[in-house]
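Notes to accompany the following structure.
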Amino acid sequence: MAIKERMSGNEAVSYAIRQVNPDVMPAFPITPSTEIPQMVSTYIANGEMDTEFIPVESEHSSMSAAIGAEAAGARSLTATSSAGLALMWEELLLAASNRLPLALTLVNRTLSGPININCDHSDGMGARDTGWIQIYAENNQEAYDNFIQAYPIAEDKRVHLPIMICQDGFITSHAVENIELMEDELVKDFVGEYEPEEYLLNPGKPIAVGPYSVTNYAMEAKKNQETALENAKEVILEVAKKFKEISGREYGLFEEYKTEDADYIMLIMGSAAGTAKEAVDNLREQGKKVGVLKLRVFRPFPAEEIAKALKDCKAVAIMDRCESYNGNGGPLGSEVTAGLYRSKVMIEAVNYIYGLAGRDFTVNEVYDIFAELEEAVENGKKVEQYQYIGLRK
């Protein structure tokens, strides 16, 4: 039976962590994810979970400890944001290359500089090539649901990779919304017990974790990682199907909102998808054929699936809450346009940079973007293929 509650995104994720009850959680506080280890440590102190909480001196240490715990055979996780993720960069690569299915709850915050503590996706996007699965939430409900699905995805034998469950800093992490929680036993049964086949504390099968790899074998290890990440697509969908059976809530690689007959589609990720949906509802009332494709899974990137979803529209606005500094667009823009090209889907595609360092993204800006796409297609107006939206005049 669903439990109706009001929670912030951080509270929702912390509640999910309590229900999953992992073995080990090392953590070091950083805004805006600080509340998660605080709340988890409170649950532990109150006897509501028996996770081993390890306070460490830095994020470098928190990921190192999580890796050590996971390699020893314990289900582990940590939480961080922004510069904290940057400080554990080396360990992110080690966790993935050692095929350790630990979890990281990432509360997205801009990377410096200038120094800023508000939301954008520069931290998560910066880690996009570290070999981790990345799943992004639009709202608090999704943050809760995504974490419950994290370990069944990561620990699947076809995958065995670490996973980041991402939510927007302050916008979802600190905002309170109505959500539906599941009963503890239902969550525990869904996630199951962690039963690693190979781990350091198994005396019957001694192994080495993270040894030096000579040239003869290193490239094959990288290919195996890539194959596992590709396998994750199927596993994510399988886990989502099982999750729907117990929750009634449906998830996939992305969500298509009013795209069936849409001429113009906005492809967006995270909390700003809610703003885009509201604008689409209003424009639909005016007879405009517009829609939203909300990306949920950024890694592995569903390029072929996105191209298929966009093939019948006239133009797409690709929204990046991150700047790549490559002079050619943001991370999402580069991924989507490459996927469209490979699938031979030749539609107008414009990459917009928005919402950096917490800048508000408004319904009126969505109107402007759809109007610009329509002008480009219907009237041949030349549009900058890579541009900023929402700058101060």
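Per numbering that gives the first Met the number 0, the sequence shown starts with residue 0, numbered consecutively. For glycine and all other residues, C-beta sits at the position ideal for the given N, C-alpha and C.
Practice task
Could you tell me whether the Cβ atoms of V12 and I35 are closer together than 9 Å?
Solution key: The count along the sequence shown starts at 1 and reaches residue 12 at position 13. The count along the sequence shown starts at 1 and reaches residue 35 at position 36. Yes, Cβ-Cβ distance for V12 and I35 is below 9 Å.
Handout entry: Selection from M268, I29 and E225 that minimises the alpha carbon distance to Y351
Key = Within the sequence shown, residue 351 is the residue found at index 352, counting from 1. Among M268, I29 and E225, the Cα nearest to that of Y351 is on M268.
Exercise for the section: Quick one: grab the DSSP three-state call for P54. Expected result: The residue labelled residue 54 in the question sits at position 55 within the sequence shown. Strand, per DSSP.
Handout entry: Inter-residue spacing [alpha-carbon to alpha-carbon] between M62 and E237
Key = By one-based count along the sequence shown, residue 62 stands at place 63. By one-based count along the sequence shown, residue 237 stands at place 238. Distance between the alpha carbons of M62 and E237 is about 28 Å.
Practice task
Could I get the ranges of all uninterrupted alpha helix (DSSP H) runs contained in the stretch 162 to 207, with 4 residues as the minimum, in chain order?
Solution key: Taken in chain order, the whole alpha helix (DSSP H) runs of length 4 or more contained in the stretch 162 to 207 are 183 to 190.
Exercise for the section: Determine the closest residue to G8 out of H173, T109 and V39, with distance taken between C-alpha atoms. Expected result: Within the sequence shown, residue 8 is the residue found at index 9, counting from 1. Checking every option, the nearest Cα to that of G8 belongs to H173.
Exercise for the section: Count the CB pairs spanning the stretch 182 to 194 and the stretch 149 to 157 that are closer than 8 Å, and state whether there are at least three. Expected result: Contact between the stretch 182 to 194 and the stretch 149 to 157 is present, because at least three Cβ pairs lie under 8 Å.
Problem - Local conformation of E383 per DSSP, three classes - result: For the purposes of this step, residue 383 is taken as residue 384 along the sequence shown, with counting starting at 1. Three-state result, E383: coil.
Exercise for the section: Report buried or exposed for Y42, applying the criterion of at least 16 other Cβ atoms within 10 angstroms of its Cβ. Expected result: Walking along the sequence shown from the start, residue 42 turns up at place 43. Taking all protein chains in view, the Cβ of Y42 is crowded by 16 or more other Cβ atoms within 10 Å, so the residue is classified as buried.
Practice task
Put E4 into one of helix, strand or coil per three-state DSSP.
Solution key: In the sequence shown, residue 4 corresponds to position 5, counting from 1. Here E4 sits in strand by DSSP.
Practice task
Round the Cβ separation of F242 and Q148 to the nearest angstrom and send it over; I've been treating them as touching at under 8 Å.
Solution key: As a position in the sequence shown, residue 242 is number 243, starting the count at 1. As a position in the sequence shown, residue 148 is number 149, starting the count at 1. Rounded, the Cβ-Cβ distance is 6 Å, consistent with contact.
Handout entry: Which of helix, strand or coil DSSP assigns to F300
Key = As a first step, residue 300 must be located in the sequence shown, where it is residue number 301. F300 falls in the coil class under three-state DSSP.
Exercise for the section: Starting from the N-terminal side, write out each stretch of the alpha helix (DSSP H) that is 4 residues or longer and does not extend beyond the stretch 328 to 359. Expected result: Within the stretch 328 to 359, the complete alpha helix (DSSP H) runs of at least 4 residues are 330 to 341.
Exercise for the section: Give, in chain order, every unbroken run of the beta strand (DSSP E) that is at least 3 residues long and sits entirely within the stretch 1 to 44. Expected result: Correct list: 2 to 7 and 23 to 26.
Exercise for the section: Can you check the stretch 103 to 171 for any beta strand (DSSP E) of at least 3 residues that lies completely inside it and give the ranges in chain order? Expected result: Listed in chain order, the beta strand (DSSP E) elements of length 3 or more contained wholly in the stretch 103 to 171 are 132 to 135 and 162 to 167.
Exercise for the section: Can you say whether T226 is buried or exposed, counting buried as having 16 or more other CB atoms within 10 angstroms of its CB? Expected result: For the purposes of this step, residue 226 is identified with residue 227 of the sequence shown, where counting begins at 1. Counting Cβ neighbours within 10 Å, T226 comes out exposed, since fewer than 16 surround it.
Handout entry: DSSP-derived helix/strand/coil call for G273
Key = Taking the sequence shown and counting its residues from 1, one reaches residue 273 at position 274. Residue state, collapsed to three classes: helix.
Problem - Integer-rounded CB distance, given that D119 should sit under 8 Å from G379 - result: Numbered from its first residue, the sequence shown carries residue 379 at position 380. Numbered from its first residue, the sequence shown carries residue 119 at position 120. Not quite, the Cβ-Cβ distance comes to about 33 Å (not below 8 Å), so this is no contact.
Exercise for the section: Identify whether A70 lies in helix, strand or coil by the three-state DSSP scheme. Expected result: Position 71 of the sequence shown, counted from the first residue, corresponds to residue 70. If DSSP states are grouped into helix, strand and coil, A70 belongs with the helices.
Handout entry: Endpoints, alpha helix (DSSP H) assigned at A220
Key = Here residue 220 refers to the residue found at position 221 when the sequence shown is read from its first residue. A220 -> alpha helix (DSSP H) spans T214 to S246.
Exercise for the section: State the Cα-Cα distance for the pair I116 and N230, rounded to the nearest angstrom. Expected result: Reading the sequence shown from its first residue, position 117 is the one you call residue 116. Reading the sequence shown from its first residue, position 231 is the one you call residue 230. Roughly 35 Å separates the two Cα atoms.
Handout entry: Exposure label - N97; buried when at least 16 CB within 10 Å
Key = The residue you call residue 97 lines up with position 98 of the sequence shown. Buried, by the Cβ-count rule.
Practice task
Within the same chain, show all residues whose beta-carbon is closer than 6 Å to that of P301, passing over the 5 residues directly before and after it, in chain order.
Solution key: Sequence index remark: in the sequence shown, residue 301 carries index 302 (1-based). Within the same chain, P301 has close Cβ partners L252.
Problem - Burial state of V175 (16 or more Cβ within 10 Å) - result: In the sequence shown, counting from the first residue as 1, residue 175 sits at position 176. Exposed: under 16 other Cβ atoms inside 10 Å.
Problem - Inter-stretch contact at 8 Å, needing at least 3 Cβ pairs: the stretch 122 to 142 / the stretch 164 to 173 - result: Per the Cβ contact rule, the stretch 122 to 142 is in contact with the stretch 164 to 173 (3 or more Cβ pairs under 8 Å).
Exercise for the section: Using the Cα positions of E90 and S81, report the straight-line distance between them to the nearest angstrom. Expected result: Taking the first residue of the sequence shown as 1, we reach residue 90 at position 91. Taking the first residue of the sequence shown as 1, we reach residue 81 at position 82. For E90 and S81, the distance between alpha carbons rounds to 15 Å.
Practice task
Could you check which residue in P299, M6, N363 and M87 has the C-alpha nearest to that of A26?
Solution key: Reading the sequence shown from its first residue, position 27 is the one you call residue 26. A26 has its Cα closest to that of M87, out of P299, M6, N363 and M87.
Handout entry: Those residues which DSSP pairs with E255 across a bridge
Key = In the sequence shown, residue 255 corresponds to position 256, counting from 1. The partner list for E255 (beta bridge, DSSP) reads L292.
Exercise for the section: Determine, using beta-carbon pairs with one atom in the stretch 124 to 131 and one in the stretch 72 to 81, whether at least three such pairs fall under 8 Å. Expected result: Too few Cβ pairs lie closer than 8 Å, so no.
Problem - Whole-angstrom distance between S270 and A356, CA atom to CA atom - result: Residue numbering aside, residue 356 sits at position 357 when the sequence shown is read from its first letter. Residue numbering aside, residue 270 sits at position 271 when the sequence shown is read from its first letter. Rounded to the nearest angstrom, the two C-alpha atoms are 14 Å apart.
Handout entry: Start and end residues, beta strand (DSSP E) containing L266
Key = As a position in the sequence shown, residue 266 is number 267, starting the count at 1. Y263 to M268 is the extent of the beta strand (DSSP E) around L266.
Practice task
Kindly indicate which three-state DSSP category D397 falls into: helix, strand or coil?
Solution key: Residue 397 falls outside the range modelled here, since the chain spans only 0 to 392, and no answer is possible.
Practice task
Confirm, please, whether the CB-CB distance from G209 to T30 is below 9 Å.
Solution key: Against the sequence shown, residue 30 aligns to sequence position 31. Against the sequence shown, residue 209 aligns to sequence position 210. Result no, Cβ atoms of T30 and G209 do not sit closer than 9 Å.
Problem - Among R298, C312 and K310, the one whose alpha carbon lies nearest that of P330 - result: Along the sequence shown, one-based indexing puts residue 330 at 331. It is R298 whose Cα lies nearest to the Cα of P330.
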